[in-house]
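For the sequence shown, position 51 (counting from the first letter as 1) is numbered 51 according to this note's numbering, and the numbering increases by one without interruption.
The structure appears right after this line, and notes come after that.
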Amino acid sequence: MGIIKRWVKGLVPDLLPYPRAVLEAANSLRAIQTSLSSFRIRSLLASERGRDPKRLFPYGFKAYSQNDEDGILEEIFRRINATRKTFVEFGAGDGTQNDTLYLLFSGWRGLWIECSGSSVASIMRTLAAYIESGQLVVRQAFVEPDTIDSVIRAAGFGGEIDLLSIDIDGNDYWVWKGISAVNPRVVVIEYNATFRPPVSVVIDYHKEYRWDGTNYFGASLKALEGLGRQKGYALVGCSLAGGNAFFVRQDLVQERFCSPFTAENHYEPPRCTLFGGRDDTEPPGVGLYRRIEHPSQGD
């Protein structure tokens, strides 16, 4: 046994360079990807679209959001002001990365609704001080169109709020359509960037739908544009990463944002790797999509 131990001990110095080399290679790859992402962002911002001061994506930055949503939301509220500094977010995750954590830390108050028990438990631990003070209300619930209003009202929220964020990887369109408990001034909602305008489709509603990691989810930007207009909102921009769409209530838009307020004008393709995502696109998935026809803008 002693001979074996001495033999293994003797091998350690010879083996040390290999994991070190692997680690150095991984760090080099991350550095290369970061440099490439920075170059892509600079190129996009230098384009004619990027130089338009009324567009939103040039103001994007990532603090606690998945991509550049933190900066875009900050710019929207710089233009229209935040009257109550209140939010409601569905799909808050474990509380370390979402659309409203940055706002919470900036003094806003709001409600998070999350279906995962382990994620809610994590939030209760890490953000206990905010919950105890009443600045953050957390509810565990599976978001459905016919029950979401009761969940919101039971949590003590209703009427006008500043921001509604919907990111539940599936029935987002149907949930937004069914909400009436709150009247948000701004809505941010995930769209399926697989479908470019003018394609207007949404997954058929599935009770308790769970995202399977493919590109079968949600709704196209064109479908959301129509729903937003039907509910009194204008599509004012998308994240540069091509994941979230931003809507402002029509009475607040005025001349502050880039028109026309259409999917054709504001669509951004999937670029998740710009902000640290692993892939720009999800693997292909197949399922039932429903074509959605809304009245054209101006009709």
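Every residue, glycine too, gets a C-beta built ideally from N, C-alpha and C.
{"Asked": "Touching by the beta-carbon criterion (3+ pairs, under 8 Å), the stretch 140–152 and the stretch 61–81", "Found": "no"}
{"Asked": "Assigned exposure category for Asp68 - 16 Cβ within 10 Å defines buried", "Found": "buried"}
{"Asked": "Proximity to Val188 [Cα-Cα], best of Glu89, Ile80, Ile41, Gly134", "Found": "Glu89"}
{"Asked": "Pro184, DSSP secondary structure in three states", "Found": "strand"}
{"Asked": "Val199, DSSP secondary structure in three states", "Found": "coil"}
{"Asked": "Cβ-based burial, Thr83 [other Cβ within 10 Å; buried from 16]", "Found": "exposed"}
{"Asked": "Beta-carbon separation (whole angstroms), Tyr289 vs Val201, contact threshold 8 Å", "Found": "4 Å"}
{"Asked": "Which residues DSSP lists as bridging Asn244, in chain order", "Found": "Glu190"}
{"Asked": "Lys177 to Lys231 span [Cα, whole Å]", "Found": "8 Å"}
{"Asked": "Ile203 vs Gly213 beta-carbon contact at 8 Å", "Found": "no"}
{"Asked": "The ligand SAM heavy atom lying under 7 Å from the CB of Glu74", "Found": "Absence of the ligand SAM from the depicted structure is noted, as is the absence of any ligand whatsoever, leaving it without description."}
{"Asked": "Ser165 burial status per 10 Å Cβ neighbour count (16 or more: buried)", "Found": "buried"}
{"Asked": "Reduced DSSP secondary structure (H/G/I, E/B, other) of Gln135", "Found": "coil"}
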